[in-house]
Amino acid sequence: MQEEEVFVTGNEAVARAVKLAKPNVIAAYPITPQTEIVEVLARYVESGELKSEYIHVESEHSAMAACIGAASMGARVFTATSSHGFLYMCEMIFWASIARLPIVMANVNRALGPGWNIWADLKDAMSHRDAGWIQFYTASVQEAYDTTLMAFRIAEDQRVMLPTMVNLEGFVLSHVMQPLRLVDEAEYDRFLPPVRIPHALNFERPHTLGTLISPEHNYLVQYDNNRCMRAADDVIAEVEREFERMSGRRYGAVMKYRCDDAETLVIAMGTLAKEAEVACDSLREKGEKIGVLRLRQLRPFPKAFLEEVKRLTAERFIIIDRAYSSGYGGILAEEVKAKLYDLGLKKEVKSIIAGLGGQDVPHEALEKMFMDKRGGEVWFGV
Amino acid sequence: MVEVLGKEEHEGMEAVGGEGKVVKWLAEIPADEYVLKGNSACAGCTAMIALRYALKASRATGRKTLLLVGACCMVVCEGVYPNTAYNVPTLDTAFACTASMASGVEAALKSFGRRDVNVIAFAGDGGTVDIGIQALSGAVERGHNFLYVCYDNEAYCNTGMQRSGATPPCARTTTTPGGKREKKKDVPRIMAAHGIPYVATACPSYPIDLYEKFKRAFSIEGPKYIHILTPCPVSWRFPTSKGVEMGKLAVRTGMWTLYEVEHGVFRLSPPSRRVVLRGDVVPVEKYLRAQGRFNGITDEEVERIQKMVYQELEWFKEAAARRKLW
Chain A
6 MQEEEVFVTG
16 NEAVARAVKL
26 AKPNVIAAYP
36 ITPQTEIVEV
46 LARYVESGEL
56 KSEYIHVESE
66 HSAMAACIGA
76 ASMGARVFTA
86 TSSHGFLYMC
96 EMIFWASIAR
106 LPIVMANVNR
116 ALGPGWNIWA
126 DLKDAMSHRD
136 AGWIQFYTAS
146 VQEAYDTTLM
156 AFRIAEDQRV
166 MLPTMVNLEG
176 FVLSHVMQPL
186 RLVDEAEYDR
196 FLPPVRIPHA
206 LNFERPHTLG
216 TLISPEHNYL
226 VQYDNNRCMR
236 AADDVIAEVE
246 REFERMSGRR
256 YGAVMKYRCD
266 DAETLVIAMG
276 TLAKEAEVAC
286 DSLREKGEKI
296 GVLRLRQLRP
306 FPKAFLEEVK
316 RLTAERFIII
326 DRAYSSGYGG
336 ILAEEVKAKL
346 YDLGLKKEVK
356 SIIAGLGGQD
366 VPHEALEKMF
376 MDKRGGEVWF
386 GV
Chain B
1198 MVEVLGKEEH
1208 EGMEAVGGEG
1218 KVVKWLAEIP
1228 ADEYVLKGNS
1238 ACAGCTAMIA
1248 LRYALKASRA
1258 TGRKTLLLVG
1268 ACCMVVCEGV
1278 YPNTAYNVPT
1288 LDTAFACTAS
1298 MASGVEAALK
1308 SFGRRDVNVI
1318 AFAGDGGTVD
1328 IGIQALSGAV
1338 ERGHNFLYVC
1348 YDNEAYCNTG
1358 MQRSGATPPC
1368 ARTTTTPGGK
1378 REKKKDVPRI
1388 MAAHGIPYVA
1398 TACPSYPIDL
1408 YEKFKRAFSI
1418 EGPKYIHILT
1428 PCPVSWRFPT
1438 SKGVEMGKLA
1448 VRTGMWTLYE
1458 VEHGVFRLSP
1468 PSRRVVLRGD
1478 VVPVEKYLRA
1488 QGRFNGITDE
1498 EVERIQKMVY
1508 QELEWFKEAA
1518 ARRKLW
């Protein structure tokens, strides 16, 4: 009988989820703050608890390349990285999605150098929102675990066949211990069917993956990628419903917190959204009608977000970004503003840039910023 | 110029244990073709000969072949989607990662319990000695069971002949218009220094030697490395009919030495024995003057290269005596 609840870090939670998924191949390179994931997995493999081929690659570029090689043979694969490692594999990140390979990767979000900083920052992943990967941003140890479990099923769905990234912020999530309810292995085996990659290489009918492709075909490959990314939105919702039946835990592309009667709507991702929920509770006690809409899924940009925004009556939007596009704006803020335009909605929008490079963002400070009625862009601490 | 393919090539070649006898004539090499007609190789491409024999030799082992091709001429030679000229499952890789993608392929096959596949990673000199050397070093250090083949046309020939780490001194490339100043990077020796079970150098001008080296490589478990000098008529600027002769000249002048290092034991290959051991060396000038890439080379530069070659040959002679490369 396996234990049902444990007390572990975000990193260990991800490793435990990967263990349940039993990938054929794990290729990974250590980097703070991801290290514990690859250490725990290496331990599982060495003790025989997990029967994966573990490739101790010499770089992240090779990590993703090895994942691509293995997935091209039809294998289930996993890797994990962070920050500079993520950027070092950049070429291969794009390669994986264009090749339509269902690789699952955990990315422990961390700031970029120079000026070595190992703390939380979403710029690594958010700057790659156009890389063709499904992107999830998690906010608790449980969610990092559950999302990793779902990621394999989503990525490998025949309607999707796209690489999937589970983001968890460095230290504030990767190294924080929280209670974790485990999923039963036998039940998960039923939830996750064996991987089948239709275009994998085989010896019966030899084909070539990655030949030269002319302008008359290349755009079709890109169109196809987008079509499947759009289809993934519904598949994700379907998988989340099925996961709820198995685990009793409900997830959606957007997670609403006291939103229904809110006049002010805070939109954020990851742990900053959780911090905003605390601020929201406090402001509610003071009579403020405020709610938090947490975006769990940045790509595909969820239809559910648009539906919620259409339905909710809040007139004032506050968007928190832990990543910034220099010379443009908060990345999430700009994405939301563009979608509001699509919907023909004119809202009062305030963009808060906070938590970059692990900057501490206490809920009291958020409260103050939420109550400050000025619009436009605000950098916390500046 | 140089005598045609003759007896010298396989004289003294040893049979590979359990892998059948050494072929004596080209006609004994399997007729099956895995590089198909209609491929888009340039006329006179010698790298294509290397690939052709690699795939034939793999077939001769009775195992399946899984080919990886780095970003290089051999990708272009496949032709354009939806066609391919290679009749084995083939995975094209990005420039720096031929060896690391091969690691993934090999690990997947291991995970599936398949032991009946020869994994061959094929990449050019740029993809091997320059941008891909980290991935290659990592992959062989990890001990993956695969054969890495570097076909060396001594420049970035696919992009129009720019200097690579494998370009020889004084060669004019589009990025060294006055001739390269530095030496050629010696990756076979670097690979041998990794202590992997099999390292060899080869040249398609000696197809039986080449074929036997592939066979030998496939008979060995673990990482294998074969570095093949493949004269490129387009970039080296010589007539397309002279590729085989140019390779022979490279060997006869000592600009390229054929050898194997099997489980640490160094062995000169028959075509290079007379050059290294008997001092039967063709002057290097013959090789240099036959190629447009050395146009404008001075007598002093020829002399410098000749000296360098004699030093190399001396080094190989010592290696042959102690039966160790390092």
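Sequence lines, in order, name chains A and B. Numbering-wise (my numbering), the first sequence opens with residue 6 and increments by one. Numbering-wise (my numbering), the second sequence opens with residue 1198 and increments by one. Every residue, glycine too, gets a C-beta built ideally from N, C-alpha and C.
Checklist entry - Given a limit of 7 angstroms on CB to CB distance, which residues of the stretch 196–219 of chain A reach chain B? => result Listed in chain order, the positions of the stretch 196–219 of chain A with a beta carbon within less than 7 angstroms of a beta carbon of chain B are Leu206, Asn207, Phe208, Pro211, His212, Thr213, Leu214, Gly215, Thr216, Leu217, Ile218 and Ser219.
Checklist entry - To the nearest angstrom, how far is it from the Cα of B:Leu1202 to the Cα of B:Gln1488? => result Low confidence applies to B:Leu1202: its pLDDT is 43, below 50, so where it sits in the model is not reliable, and the reading given next is rough at best. Between the alpha carbons of B:Leu1202 and B:Gln1488 lies a distance of about 21 angstroms.
Item to check | At least 3 beta-carbon pairs within less than 8 angstroms: the stretch 129–136 of chain A vs the stretch 180–188 of chain A | outcome: The count of Cβ pairs closer than 8 angstroms, one atom from the stretch 129–136 of chain A and one from the stretch 180–188 of chain A, stays below three, leaving the stretches out of contact.
Next on the checklist: Using only the alpha-carbon positions, how far apart do A:Ala144 and B:Asp1349 sit?
Outcome noted: Spanning the alpha carbons of A:Ala144 and B:Asp1349 requires a straight line of approximately 51 angstroms.
Checklist entry - Quick one: Cα of A:Gln227 to Cα of A:Ile103, how far? => result The straight-line gap from Cα to Cα measures roughly 7 angstroms.
Checklist entry - Where does A:Arg158 sit, in a helix, a strand or coil, going by DSSP? => result If DSSP states are grouped into helix, strand and coil, A:Arg158 belongs with the helices.
Checklist entry - chain D partners of B:Met1298, CB-CB under 7 angstroms? => result Absence of chain D from the displayed structure is noted, the protein chains being A and B.
Checklist entry - What's the gap between the Cα of A:Gly275 and the Cα of A:Gly53? => result Rounded to whole angstroms, the gap between the alpha carbons of A:Gly275 and A:Gly53 is 34 angstroms.
Next on the checklist: Buried or exposed for B:Thr1262, going by 16 or more other Cβ atoms inside 10 Å?
Outcome noted: Buried, by the Cβ-count rule.
Next on the checklist: Closer than 8 angstroms between beta carbons: that is the criterion. Which residues of the stretch 28–39 of chain A meet it against chain B?
Outcome noted: Residues of the stretch 28–39 of chain A with a Cβ closer than 8 angstroms to any Cβ of chain B, in chain order: Asn29, Val30 and Ala32.
Checklist entry - According to a CB-to-CB cut-off of less than 9 angstroms, which residues of the stretch 97–120 of chain A neighbour chain B? => result Residues of the stretch 97–120 of chain A whose Cβ lies closer than 9 angstroms to any Cβ of chain B, in chain order: Met97 and Trp100.
Checklist entry - Which word fits B:Lys1504, buried or exposed, when buried means at least 16 other C-beta atoms lie within 10 angstroms of its C-beta? => result Its Cβ having fewer than 16 others within 10 Å, B:Lys1504 is exposed.
Checklist entry - Alpha carbon to alpha carbon, how far is A:Pro119 from B:Arg1449? => result Answer to the nearest angstrom: the Cα atoms are 52 angstroms apart.
Next on the checklist: For A:Pro220, tell me which candidate among B:Val1272, B:Tyr1278 and B:Leu1265 has the shortest Cα-Cα distance.
Outcome noted: In this structure, B:Tyr1278 is the residue among B:Val1272, B:Tyr1278 and B:Leu1265 with its C-alpha nearest to the C-alpha of A:Pro220.
Checklist entry - Bridge partners of A:Gly335, per DSSP? => result Note: A:Gly335 is bridge-paired with A:Tyr329 in the DSSP secondary-structure output.
Checklist entry - B:Cys1294 versus chain A: which residues are under 9 angstroms apart at the beta carbon? => result By Cβ distance, chain A contributes His66, Ser67, Met69, Ala70, Ala71, Ile73, Gly74, Glu96, Met97 and Trp100.
Item to check | Cβ of A:His89 within 8 angstroms of any chain B Cβ | outcome: Output row for A:His89: interface = no.
Checklist entry - Is B:Asp1229 close to chain A, meaning its C-beta is less than 8 angstroms from at least one C-beta of that chain? => result B:Asp1229 does not count as touching chain A.
Item to check | Short Cβ contact (8 angstroms threshold) for B:Met1245 with B:Val1266 | outcome: In this structure, B:Val1266 does not lie closer than 8 angstroms to B:Met1245 by Cβ.
Item to check | Neighbourhood of B:Thr1373 by C-beta distance below 6 angstroms, restricted to the same chain and skipping five residues each side | outcome: Exclusion of the five residues before and after B:Thr1373 leaves Arg1360 as the residues of its chain whose Cβ lies within less than 6 angstroms of its Cβ.
Checklist entry - Secondary structure at A:Cys285, three-state DSSP: helix, strand or coil? => result Reduced to three states, the DSSP call for A:Cys285 is helix.
Checklist entry - Using the rule of at least 16 other Cβ atoms within 10 Å of the residue's Cβ for burial, across every protein chain shown, is A:Thr169 buried or exposed? => result Label assigned to A:Thr169: buried.
Item to check | 8 angstroms contact criterion, which A:Ala70 and B:Gly1301 should meet: CB distance rounded | outcome: Yes, A:Ala70 and B:Gly1301 are in contact; Cβ-Cβ is about 7 angstroms, under 8 angstroms.
Item to check | A:Pro199 versus A:Tyr193: straight-line alpha-carbon distance, rounded | outcome: The alpha-carbon atoms of A:Pro199 and A:Tyr193 are separated by roughly 11 angstroms.
Checklist entry - Alpha carbon to alpha carbon, how far is B:Ala1517 from A:Ala160? => result B:Ala1517 and A:Ala160 have their C-alpha atoms roughly 55 angstroms apart.
Checklist entry - Out of curiosity, what's the CA-to-CA distance linking B:Tyr1353 and B:Phe1292? => result Each residue's Cα considered, the two are about 12 angstroms apart.
Next on the checklist: Taking a contact to mean a Cβ-Cβ separation below 8 angstroms, would you say A:Gly74 touches A:Asn114 in this structure?
Outcome noted: Contact flag unset, no.
Checklist entry - Does the count of Cβ pairs from the stretch 233–247 of chain A and the stretch 1299–1316 of chain B closer than 8 angstroms reach three? => result Contact between the stretch 233–247 of chain A and the stretch 1299–1316 of chain B is absent, because fewer than three Cβ pairs lie under 8 angstroms.
Next on the checklist: Does A:Trp121 pass the burial test, meaning 16 or more other C-beta atoms within 10 Å, or should it be called exposed?
Outcome noted: By the beta-carbon neighbour count (other beta carbons within 10 angstroms, threshold 16), A:Trp121 is exposed.
Next on the checklist: Quick check: A:Glu10 and A:Leu298, are their CB atoms within less than 8 angstroms of each other?
Outcome noted: When the beta-carbon positions are compared, A:Glu10 and A:Leu298 stay at least 8 angstroms from each other.
Checklist entry - Alpha carbon to alpha carbon, how far is B:Glu1482 from B:Lys1218? => result B:Glu1482 and B:Lys1218: Cα-Cα distance of roughly 38 angstroms.
Checklist entry - Where A:His212 and A:Val23 are concerned, what is the direct C-alpha to C-alpha distance, given to the nearest angstrom? => result Each residue's CA atom was taken as its position, placing A:His212 and A:Val23 some 31 angstroms apart.
Checklist entry - Comparing the C-beta of A:Glu51 with each C-beta of chain B, is any distance below 8 angstroms? => result With 8 angstroms as the cut-off, A:Glu51 does not count as an interface residue toward chain B.
Item to check | Continuous beta strand (DSSP E) stretch holding B:Arg1464: start and end | outcome: Its beta strand (DSSP E) spans residues Val1462 to Leu1465.
Next on the checklist: Helix, strand or coil, according to DSSP, for B:Phe1513 in the structure here?
Outcome noted: In this structure, DSSP gives B:Phe1513 a helical state, which the three-state scheme calls helix.
Item to check | Chain-ordered neighbours of A:Met166 on chain B, where CB pairs are closer than 9 angstroms | outcome: None at all; the shortest Cβ gap to chain B is about 17 angstroms.
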